[in-house]
Structure formats: C-alpha cells, structure tokens
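J.: Right, I'll just put the structure down here and ask away after.
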Amino acid sequence: MCGIVGYIGSNNIKDFLLEGLKELEYRGYDSAGIAVLQDSELSIFKAVGKLENLVRKTKDFHPQGFGVGIGHTRWATHGKPTELNAHPHMGEFSYVVHNGIIENYKEIKKELDAKFVSQTDTEVIVHLFEKNLEELQEPQKAFKATIDALKGAYAILLITKAAPGKIFFAKHGSPLIVGRNGEEIYFASSDAPLIGHAKEVHYLEDGQWGVAKAGSVRLFQDDEEITPEYKPLTLNKELAQKGGYRFFMEKEIYEQSDVITETMMGRLQEDHIEFEELDEDFIQGINQIKICACGTSYHAGLSGAYLLEKLARIPVTCEIASEFRYKDPVLTSDTLFIVISQSGETADTLEALKMAKNAGLKTLSICNVDNSSIVRLADRTILTRAGIEKGVASTKAFTTQVMVLWMLALYFAQLRQTLASEAVVAECKAMAHTPAALKVHSSMHERIRRLSKRYLHGHGFFFIGRDIFFPLALEGALKLKEISYLHAEGYPAGEMKHGPIALADPELFTIALMPRHLLYDKIKSNVEELSARDSTICAISPVEFELADDFIKTASYEHFMLEYYEMAVVLQLLAMEIAIRLGNDVDMPRNLAKSVTVE
Ligand code: M6R
C-alpha cells in the first residue's frame, strides 16, 4: 500500500509533489521520494521514514519553469524500508514509481541484463522498459510492451529522458487518477492530492494506460485509444481520504476484499504456499507453536491455532500477551513463538516477544507495520500488507492476519506432509476465493443496516460459535463493545448450558454463527436451547433457520473458511451500523487508542 503522484507543468512542481505525498502519507511512511525531469536534467531525492525527512532533503531544491515530476510514499512489501528500496527507481535514463505488487518480478529479473540496486519488485519495470526501448526504438511502444509483461497489481508512472516532457502511466488493480487544469496534468493514487489543483479528473479503469504531456492525455484501454471521461473534482479533503465512506472503519471493511489479495500475492500458488520470509532451516526442529497477542490480534491467533492444528497437526497454544508475560511460562526450545500485532508496538506483545527471545526460542511476527518495534525484534516477519488501518476498531488487520495464519498452516502441512496433495490444492483453491467472500454487497449491507435498529437496547449480547467460529464470535463481540458501548460476550456455543444460558430472556440477544460446513447440527441444537428459553436470536447462516427472530443469509461456499470470512464482514457491519445508530464516533471510540504502547 503506497501512494503515488505525478505532475506536468510549470507551476511549482516540487510543492505539488510534496504536498500531494503529504496527503497520501497515511498509506505508508516507510520512505518517500521524488524525481523531477526538466529538459534532460534530472533531480532525484529519497529519504527513509516520514515525509518530513524528504522535505528536509529537498529544502534547497527550487525547480523553476516547465518540468515533469513523479513522487511516491512507500509501505514496504518487498525489501526493507531503506533509501535504496525507496521509489522512484532508476534505470539508466528512466524513472518509475509504482503502487502494487509485481508478482512475476523474479522471472522478469532473470531475463534482464541490468544492474539491480534494490530488493524491490518495482525496479524490474524501469529496466524492462529500457530494454524494450532499445529493441522497439519508440517509448510508447516500449511502455506498452513493458506493462504487457507484468503480472500482479500496479499503478505506474514512468518518466524518461528518451521522451522528456511526458509521463507514461498504467493501471491494473491499484488505483490511479489523472486530472487536468488547462495545460497542467496531474496524477495521484487518490483524490486528496488533486483537490485545489486539478479541475476535473478521470478515474482510470483496470487495463487503461497512456501517455500525457502538457495539455494532453492520450488514453488506451488495452490496444484501443479511448477518450478520458473527465468529471469535476470533489472539494472536501477529509471526504476524499475516506473515499466517500462515512467512516474509515467502513472504508476499511470494504477494502478487505482488495487487501487480502495483496496478503496472498506471491505466497498463494495454485498448488502450494510459498513464504520467502521462511525456509526449512528456520522451521527445522519445531514441534509446537505458541501464539501470543492482544485484542483482535489474539482472536486472529486463536483462529490460527485451530487452523494449524487441523491442517498441520502441530500442537498450538494461544495466549493473551498481558497474561503470558507474568505467568512464568514454561518455554521449550522446540517451540516456534509467534506474535501477532497490527501496529507492531503493543507493549504487552512486545514484552512477550522479548521473553521468548531471551529463552532462546525461534520467533516469528505477523505484523502490519514494517520496521515497527516487534518487526525489528522478531527473527522473522510475515507482513500482512493490509495498508494503514485508521479506524480504532480493527477490521482489515484481522482478516489479513487470519489469512497469513491460514497460509502458514498450509505451509506447515506441506512440510510435515500432513495433507495429501489434492487436499493442499483444495485449500489453495478455497483461499483464492477469499476476496469474493470478503466483498460487501450492497443488499447485504442494507439488510444489516435495517436490522440494526432492533439491537440498540436490551441487556446484552451473546455471540456464539463453535470451533474456529468461536474466536470469530469473540471478535464479533469485541467489535460491538468497542464502538457501540453495549455489553457483549463471545462464547463457545456448547458452553452456554454450563452457566450463561441462565441469562436467556427476550432482552438477551444471541448472535449465532451457523456455518454449513463446520458442526452445523451441533450449533443448531445449541441455538434451539437458547430459543426455547426465549432469547432473541439473530442467526447468520447459509442455511435457513426457522427459529431465528432475524436471519442474515450468507452465501453457500464449499469451504468453512469462506463462510468464516463472510461472517466476519457481517459482524463488522452489524457492530458499525448499531454504533452509527447510537450516534457514536465509530473511528475514535471513547477510552480507546489505536495502539496500546503502555502496559
Ligand atoms: O496493534 P495490535 O494488533 O497489537 O493491537 C492489539 C489490540 O490493542 C487491538 O487489536 C485492539 O483490540 C483493537 N482495538 C481491536 O479492534
């Protein structure tokens, strides 16, 4: 998740690039860079860390007159956040910024006889372009041949001394907008940098690419030249950052279906899982796993424990970090210690990791923020690639963490040969359907919005599920608590009759997770018991359930994890719609902070 900007014109090129990057900094701040080309004179600046470092570096740079420029703020996916890995990436006479992931960069790299200086996937683009230019002798053809060779997701801006005054651009899977104001042409990966500059904008569709120069944009859809569909630009920056959604939480719920693709990219193959972050040496000698985390990340960890035991037949325990660190735990050297954290800064999780390291355990972090304290300390890290999460109530961090754990479970299953190859392929196929399961359909959202009005009062909620749907129930209850301030508990459905069922009455709302493919008959009897005691039941299931007071029908998937993912979205939307009706600030709930860096 990165941000990109571009500019063609004579009006303070540097200020537009830096101010535009400031608007996009929330998408990533591992490093930033700009490149400006005036005639054949190139100026390039890069800096690690926040944008202010780049601003400091460019303080004596004052380009005057006409030029073209590109800029980038980076959220590291391939390669550490260093200056060499920062964009723009350079060939001999061309410069590129890119948002997305080039899946086949390793194959392309093998075919190129170029000097690579970074560990990024992006650098292949610029070298491939220069090689194509040598062969085709025409920059536009060379650019088209370059994007035709790329697999994965990208929004690309490329400038070259071979065509000064022009920006080549392409979009596939990552957002890109082109704007204009008279002779001036602007590019950005979202609206916000363009506000106050471009008068009208065209939102590129996948497969669109082209070349722009002062006052003109030539646009192509694959091979056919088309006319850009310019629209006037919205003027509200906050609204632009939220992409038209009411809250960042809502935007992040909707984003899940896209970001999960980034989580899987390069890791999920047709018939197996690859992790460039891991190797057999590291896994060697591991006979058990301990997972440690807090809050939502803990719920992801619990879900992971079910998956690892099911698929890889390896014993797993999962603990709350604040408990773990004071219980004088028994740690054995054949244990892989996994910490999970969105922020990478949670104090209790960090301390738990230090304890495991001091005890000589191998450690792995599953984290969303590269270069965070947890990432720096762990032996290995698998980044979730969810992009910056702004809503305090975690949504896309959770679903991407669970995806990493599902892939990890399959990776262990491959190494430990606990699944037949057909079963591994079936898991891979199911994973590939996750983006569809996470997609928010407007009919579903509207149904949940309407239904939410019945759940604003009452004396509490039980979220119930069995097996891996139990941690999902915990997560559903936490989401509701955090933003609605209503009392909610997650419970294993089979445990209700050991006490909590005493609370059942019409004012007790039961949110029942009833997947078709995991213990359906068992959970059905548990819900029947609650219904018999007059609890108000909201059933979430692909199977019609006549005893439910409210029923949210989910799609019929073949794999329980796809049911899990769709239900995760339902629970997030339900919590959000209830909180909105109660008039709460969904993004900044009372008493909470996004990252808990104190004990
Ligand atoms: O950054 P982390 O994942 O380590 O944070 C852990 C918890 O503080 C976090 O998940 C918290 O529970 C969220 N507010 C849940 O929505």
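Under the numbering used here, think of the first position of the sequence shown as 35, with each following residue one higher.
Note that CB positions come from ideal geometry on N, CA and C, so glycine has one too.
With contact counted as at least three CB pairs below 8 Å, one residue from each stretch, are the stretch 616-630 and the stretch 518-530 in contact?
T.: yes
J.: With a threshold of 8 Å on Cβ separation, who are the neighbours of Ala-609 within its own chain once the five nearest residues in sequence on each side are excluded?
T.: Apart from the 5 residues on each side of it in sequence, Ala-609 sits with its Cβ closer than 8 Å to the Cβ of Ala-427, Gly-510, Lys-513, Leu-514, Glu-516, Ile-517, Ser-518 in its chain, given in chain order.
J.: In chain order, which alpha helix (DSSP H) runs of at least 4 residues are fully inside the stretch 261-338?
T.: 271-275, 282-298, 314-317
J.: Just verifying my parser: in three-state terms, what is the DSSP assignment at Gly-43?
T.: strand
J.: I need the straight-line Cα distance from Glu-259 to Arg-252, nearest angstrom please.
T.: 7 Å
J.: At a cut-off of 6 Å, would you count Gly-329 as near ligand 3, judging by its Cβ distance to the nearest heavy atom?
T.: In the structure on display, ligand 3 does not appear, and the ligands it does have are ligand 1.
J.: Could you check if Ile-555 is buried or exposed, using at least 16 other CB atoms within 10 Å of its CB as the buried criterion?
T.: According to the sequence displayed, residue 555 carries Asp and not Ile. Label assigned to Asp-555: exposed.
J.: Could you compute how far the alpha carbon of Ile-614 sits from the alpha carbon of Glu-284?
T.: 11 Å
J.: Could you work out which residue in Lys-361, Tyr-220, Gln-376, Lys-195 is closest to Leu-267 when comparing CA atoms only?
T.: Tyr-220
J.: May I ask you to report which of helix, strand or coil DSSP gives Phe-579?
T.: coil
J.: Should Val-630 be counted as a contact of ligand 1 given a C-beta to heavy atom distance under 6 Å?
T.: Yes.
J.: Along the chain, where does the alpha helix (DSSP H) that runs through Gln-448 open and close?
T.: 430-450
J.: May I ask which residues mark the beginning and end of the beta strand (DSSP E) holding Asp-584?
T.: 584-587
J.: Could you compute how far the alpha carbon of Thr-261 sits from the alpha carbon of Trp-243?
T.: Taking the straight line from one Cα to the other gives about 12 Å.
J.: Quick one: give me the first and last residue of the alpha helix (DSSP H) that Gly-510 is part of.
T.: 503-518
J.: Look at the Cβ atom of Leu-238, then the Cβ atom of Leu-210, and state whether they are nearer than 7 Å.
T.: yes
J.: Taking 8 Å as the threshold, find out whether the stretch 299-307 comes into contact with the stretch 477-494 through three or more Cβ pairs.
T.: no
J.: Would you check if there are 3 or more beta carbon pairs closer than 8 Å linking the stretch 445-465 to the stretch 350-359?
T.: In this structure the stretch 445-465 does not touch the stretch 350-359; the number of beta carbon pairs closer than 8 Å is below three.
J.: Go through the stretch 328-409 residue by residue and report every complete run of the beta strand (DSSP E) that reaches 3 residues or more, in order.
T.: 350-354, 369-375, 396-401
J.: Quick one, which of Gln-448, Tyr-129, His-493, Ala-393 has its alpha-carbon nearest Phe-79's?
T.: Phe-79 has its Cα closest to that of Tyr-129, out of Gln-448, Tyr-129, His-493, Ala-393.
J.: Would you call the stretch 470-479 and the stretch 401-408 in contact, with 3 or more CB pairs under 8 Å?
T.: no
J.: Spatial neighbours of Lys-587 within its chain, please: C-beta separation below 8 Å, excluding the five flanking residues on both sides.
T.: Ser-575, Pro-576, Glu-578
J.: Can you give the Cα-Cα distance for Phe-163 and Ala-179, rounded to whole angstroms?
T.: Rounded to the nearest angstrom, the two C-alpha atoms are 8 Å apart.
J.: If you measure between the beta carbons of Gly-101 and Leu-55, is that distance less than 7 Å?
T.: no
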